[in-house]
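Chemist:
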Amino acid sequence: MAKKNVKAVRHNNRIEFSNRRYRVGYVPNGGKDNPSPSIHLGGRWLETCGFLTGQYVMVSAEPGQLIIKPAPSA
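Residues in the sequence shown are numbered from 1 upward in steps of one, following full-length UniProt numbering.
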């Protein structure tokens, strides 16, 4: 889980965050073999970064990293 005391710091209209560390878990699948990996992100820092409840996001996957951006408006 992310550290509880990490806060956003605003510098010249720019928000800086420290890195967050999360553990890859799994999605329960009723006891079947080979559960799917899962990452759950949550916290007020998402809102501070511009990700609002109910908003869609785009996730790009590259080797060793995920990039999450707000989805374009429909």
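Note that beta-carbon positions come from the ideal geometry of N, C-alpha and C, so glycine has one too.
Out of Pro63, Ile39, Pro37 and Ala71, which one is the CA nearest neighbour of Thr53?
Modeler: Looking up residue 53 in the sequence shown gives position 53. Ranking the options by Cα distance to Thr53, first place goes to Ala71.
Chemist: Take every Cβ of the stretch 22-32, pair it with every Cβ of the stretch 42-62, and state whether three or more of those distances are shorter than 8 angstroms.
Modeler: Because the criterion of three Cβ pairs below 8 angstroms is not met, the stretch 22-32 and the stretch 42-62 do not touch.
Chemist: Taking the CB atoms as reference points, tell me whether Phe51 and Val59 lie closer together than 9 angstroms.
Modeler: Sequence index remark: in the sequence shown, residue 51 carries index 51 (1-based). Sequence index remark: in the sequence shown, residue 59 carries index 59 (1-based). Taking 9 angstroms as the Cβ cut-off, Phe51 and Val59 do not qualify as a contacting pair.
Chemist: Roughly how many whole angstroms lie between the Cα atoms of Ser73 and Arg23?
Modeler: As a working mapping, residue 73 is identified with position 73 in the sequence shown. As a working mapping, residue 23 is identified with position 23 in the sequence shown. In a straight line, the C-alpha of Ser73 is about 31 angstroms away from that of Arg23.
Chemist: If I measure Cβ to Cβ from Gln55 and keep anything under 8 angstroms in the same chain, skipping five residues before and after, which residues do I get?
Modeler: Start at 1 with the first residue of the sequence shown, and residue 55 comes out as number 55. Closer than 8 angstroms at the Cβ level, and outside the excluded window around Gln55, lie Pro70 and Ala71.
Chemist: What is the rounded straight-line gap between the Cα of Ile68 and the Cα of Pro35?
Modeler: Here residue 68 corresponds to residue number 68 of the sequence shown, with the count starting at 1. Here residue 35 corresponds to residue number 35 of the sequence shown, with the count starting at 1. So the alpha carbons of these two residues sit roughly 23 angstroms apart.
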